[in-house]
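Enquirer: Numbering (the numbering used here), first residue to last: 2 to 498.
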RNA sequence: GCCCCCAUCGUCUAGGGGACUAGGACGUGGGCCUUUCAAGCCCAAAACAGGGGUUCGAAUCCCCUUGGGGGCACCA
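(1) With 16 other CB atoms within 10 Å as the buried threshold, where does residue 320 fall?
(2) Out of 361, 366, 402, which has the shortest C-alpha to C-alpha gap to residue 388?
(3) Let me make sure I understand the geometry here. Which of 316, 108, 285, 15 has the alpha-carbon closest to that of residue 300?
(4) With a CB to CB cut of under 8 Å and the five nearest residues on each side skipped, what residues in its chain are close to residue 192?
(5) When we look at the beta-carbon of residue 406 and count the other beta-carbons within 10 Å, is it buried (16 or more) or exposed?
(6) Let's test the definition: count the other Cβ atoms within 10 Å of the Cβ of residue 78 and tell me whether it reaches 16, buried, or not, exposed.
(7) Could you tell me which whole alpha helix (DSSP H) segments of length 4 or greater appear in the region 77-127?
(8) Once DSSP output is grouped into helix, strand and coil, what is the label at residue 467?
(9) If I'm right that residue 373 touches residue 494 with Cβ under 8 Å, what's the distance once you round it to whole angstroms?
(10) From 29, 444, 144, 353, pick the residue whose C-alpha is nearest to that of residue 500; which is it?
(11) Does residue 414 pass the burial test, meaning 16 or more other C-beta atoms within 10 Å, or should it be called exposed?
(12) Taking 6 Å as the limit between beta carbons, can you name the residues of its chain near residue 437, skipping five residues before and five after?
(13) With which residues is residue 47 paired in a DSSP beta bridge?
(14) With DSSP as the reference, please indicate the residues paired to residue 233 in a beta bridge.
(15) Rounding to the nearest angstrom, what Cα-Cα distance links residue 323 and residue 215 in this structure?
(16) So what's residue 12 in DSSP terms, helix, strand or just coil?
(17) Between residue 283 and residue 332, is the Cβ-Cβ spacing less than 8 Å?
(18) Compare the Cα-Cα distances from residue 146 to each of 128, 111, 176, 430 and report the closest residue.
(19) Can you tell me whether residue 198 is helix, strand or coil according to DSSP?
(20) How many whole angstroms separate the CB atoms of residue 352 and residue 368, which I take to be in contact at a CB cut-off of 8 Å?
(21) By a C-beta neighbour count over all protein chains shown, 10 Å radius and 16 as the cutoff for buried, is residue 132 buried or exposed?
(22) Quick one: Cα of residue 81 to Cα of residue 51, how far?
(23) Helix, strand or coil for residue 171 per DSSP?
(24) Based on Cα-Cα distance, which residue from 94, 23, 270 lies nearest to residue 499?
(25) Once the 5 residues before and after residue 270 are set aside, which same chain residues still bring their CB inside 8 Å of it?
(26) Please report the straight-line C-alpha distance between residue 40 and residue 286, rounded to a whole angstrom.
(27) DSSP three-state label for residue 131, please.
(28) Does the beta-carbon of residue 168 have 16 or more other beta-carbons within 10 angstroms, so that it is buried, or is it exposed?
(29) Straight-line CA distance for residue 223 to residue 231?
(30) Can you tell me where the alpha helix (DSSP H) holding residue 22 begins and where it ends?
(31) Going by alpha carbons, who is nearest to residue 325 out of 376, 296, 452?
(32) So within the region 385-465, which uninterrupted alpha helix (DSSP H) runs reach at least 4 residues, ignoring any that extend past its ends?
(33) Residue 313 to residue 35, Cα distance in whole Å?
(34) According to the neighbour-count rule (16 or more other Cβ atoms, all chains shown, within 10 Å of its Cβ), is residue 3 buried or exposed?
(35) Report buried or exposed for residue 386, applying the criterion of at least 16 other Cβ atoms within 10 angstroms of its Cβ.
(36) State yes or no: is the C-beta of residue 439 within less than 8 Å of the C-beta of residue 428?
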């Protein structure tokens, strides 16, 4: 294993304002992989500085989703750690202290402009077709005067004093140097009038204090990237490695997924939300495999990855800069691959909740016997029960016309089923091999193609045109059930002929 | 409008100057196997956005154009 990185301290820092989706999950995955492969730490931090947007239950969903994916964090709001607290709303004073420090050093300033003034300013600028930005009114204030107004209890915010000339060059790990004209920078608010820091300050302070070595985040942060670098430099801190991960686009490739589009996706059996994916019958290892390959590629020869593989082979150097359209049919493919890669025992365990959800009374030992029958046939776990309803039904709802074999009539079908019944009831052993051999011979004797007889039997025994392999199904069903279903089928046909 | 980023088959990608008649995967079409459905195997169609440079040589480096995406809050 090659460690290209020193032990990395990486953080996943979502804001608990909505549901846990693919974009966040992929970031967390890469965070986790980097931490694990370098022998570092994976930290969970909640960025909840905007109490207005806080969504109850969001933190819980985030943590459950991460655990489901197998991304256990080493430090976090729930388990603590050496840099606690890991929730920004509990770190308010820290940010204020650092903001004041910036003001004292002349790198930030108090601003007393009201929200109303800023509103009208923006409107005016829009009218004049100018870019919306702060006009710097309070930047010109004498610091002593500003201090006096603060002490007098006037409401204020703290703004970053952005450079007005020159160029800021910031280095992104994937894209290289990114430069902006400082003249295009705005004096961004660092601390709101409610005393809470905004992301720009809080995240930089925490990343520094928590010893973060690599900042992995979505590319939507690229426009504010120079600002962040400027803030870090204003403090004189060492910069972490910045890694802006490519955005996920909707399947059409036309832009980011909207809330409404996300909801509509569910109707097609897909979702960008992690907790939905679980409900829909996707395996966490398949979701991980799929996500890992959106924005990162290994080589020509491998596409199937376990978490252990990914930990070994992931590298920042192979990250891709361009946005990726989400491809759900590839998720289906990976889910199938991972389902087939599971042991029967593991698959049985995974299947259990989906059977219970449908009201089927099963346990793991039974599912372990069912598993091989459906393993190659299901794309998602939730499809499994419908493949095997015939195992649990008391009686099959069959009509005589269902029981007519291909190129056969009611009479010949009845004769064939009766013969099958006779032969099967006399069989000493009830195994897949024994019944199959017996029925193949019977087909010959009746001058039927194997497919004709088997199709007929399939219908009589499972009530389904499409089912798992016939003889395996019969073995699982048990001799007496199979015989009684055959008897019933013969009766049904008898009544109609 | 302004700023930033991106650009290889429909999609995800390999490719980091000659090994490229551009490779793989998903999906699509066809075939084989076969008791249904799958799985598996084989085959096929399918791309370097355009234009300038640099170079003996460009998918690979530079520039422009075009296209796409993202951002412009006392949100994150």
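Glycine included, each C-beta is placed from N, C-alpha and C at the ideal position.
As the structure is a prediction and not an experimental result, all values here were calculated from the model.
Expert: To lay it out plainly:
(1) Its Cβ being crowded by 16 or more others within 10 Å, residue 320 is buried.
(2) Closest by alpha carbon: 361.
(3) Comparing Cα positions, the closest option is 316.
(4) Correct list, in chain order: 96, 97, 100, 158, 159, 198, 199, 202.
(5) Burial check for residue 406: the Cβ neighbour count within 10 Å reaches 16 or more, so the residue is buried.
(6) Burial call: buried.
(7) Look at the region 77-127 and you find these whole runs of alpha helix (DSSP H), each 4 residues long or longer: 93-105.
(8) Assigned with DSSP and collapsed to three states, residue 467 falls in coil, not helix or strand.
(9) Not a contact, Cβ separation roughly 32 Å.
(10) It is not possible to answer for residue 500, since the shown part of the chain is limited to 2 through 498.
(11) The C-beta of residue 414 has 16 or more other C-beta atoms within 10 Å across all chains shown, which makes the residue buried.
(12) Its chain contains 472 as the residues whose beta carbon lies nearer than 6 Å to that of residue 437, once the 5 sequence neighbours on both sides are disregarded; these appear in chain order.
(13) For residue 47, which the question treats as bridged, DSSP gives the partners 88.
(14) Residue 233 pairs with nothing; no bridge assigned.
(15) C-alpha separation (whole angstroms): 20 Å.
(16) The three-state secondary structure of residue 12, taken from DSSP, is strand.
(17) Yes, the Cβ-Cβ distance between residue 283 and residue 332 is below 8 Å.
(18) Closest by alpha carbon: 111.
(19) Note: residue 198 maps to strand in three-state DSSP.
(20) Yes, residue 352 and residue 368 are in contact; Cβ-Cβ is about 5 Å, under 8 Å.
(21) Exposed.
(22) If I take the Cα positions, the gap works out to 22 Å.
(23) In this structure, residue 171 counts as strand in the three-state DSSP scheme.
(24) Summary: the structure shown does not reach residue 499, with the chain confined to residues 2 through 498, and so no result is reported for it.
(25) So the qualifying residues of the chain are 281, 381.
(26) Between the alpha carbons of residue 40 and residue 286 lies a distance of about 22 Å.
(27) For residue 131, the secondary structure class from DSSP, reduced to helix, strand or coil, is coil.
(28) Residue 168 should be labelled exposed.
(29) Here the alpha carbon of residue 223 sits roughly 13 Å from the alpha carbon of residue 231.
(30) No alpha helix (DSSP H) holds residue 22; DSSP gives it neither H nor E.
(31) For the residues 376, 296, 452, the minimum Cα distance to residue 325 belongs to 296.
(32) Correct list: 385-388, 411-426, 433-446, 451-463.
(33) Approximately 9 Å between the Cα atoms of the pair.
(34) Below a pLDDT of 50, predicted positions are generally treated as unreliable, and residue 3, at 41, falls in that range; the measurement from the model is reported next regardless. Its Cβ having fewer than 16 others within 10 Å, residue 3 is exposed.
(35) Buried: at least 16 other Cβ atoms inside 10 Å.
(36) Result yes, Cβ atoms of residue 439 and residue 428 sit closer than 8 Å.
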